[in-house]
Amino acid sequence: MVLLICVPGPVLAESCFAPARPFVPSDSQAARDYADIIRGDFEDYIQDIQSYFRCLDSERARAFEEAREVSEDYGRFLQLVGD
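Numbering-wise (our numbering), the sequence shown opens with residue 108 and increments by one.
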């Protein structure tokens with residue numbers, strides 16, 4: 108634990124979780140009976156999937172930056188060891 112506190116800088120990857128698809132009953136009467144709830148589930152899904160896409164975009168950008176930095180670190184390492 109102390110080592111983790113002393114080591115500067117690695118940013119932890121963000122976890123992006125896809126939302127569950129809304130359920131639509133196959134029974135048309137049940138769909139009508141619960142139309143308001145189902146409609147709300149779809150609206151929530153649309154908001155959640157947009158947040159999920161933003162999370163994926165953010166994580167992708169973070170991972171590319173990290174890969175660039177690691178590539179530079181590797182180049183410096185190769186220079187140090189004379190390869």
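Heads up, the beta-carbon is just placed ideally off N, CA and C, and yes, glycines get one too.
Would you check whether the ligand SAM has a heavy atom nearer than 8 Å to the C-beta of Ser178? Among the ligands in the structure shown, none appear at all, so the ligand SAM cannot be discussed.
Check Gly189 in the structure and name its three-state DSSP category. coil
Between which residues of its own chain and Val109 is the CB-CB distance below 7 Å, once the five residues before and five after are set aside? Below a pLDDT of 50, predicted positions are generally treated as unreliable, and Val109, at 46, falls in that range; the measurement from the model is reported next regardless. Contacts found: none.
State the CB to CB distance for the pair Val131 and Ile145, rounded to an integer number of angstroms; the pair is presumed to be in contact (CB under 8 Å). 6 Å
Can you name, in chain order, every residue of its own chain whose Cβ lies under 8 Å from the Cβ of Phe149, other than the five neighbours on each side? Pro129
Would you mind reading off the limits of the alpha helix (DSSP H) that contains Ala125? No alpha helix (DSSP H) contains Ala125, which DSSP labels as neither H nor E.
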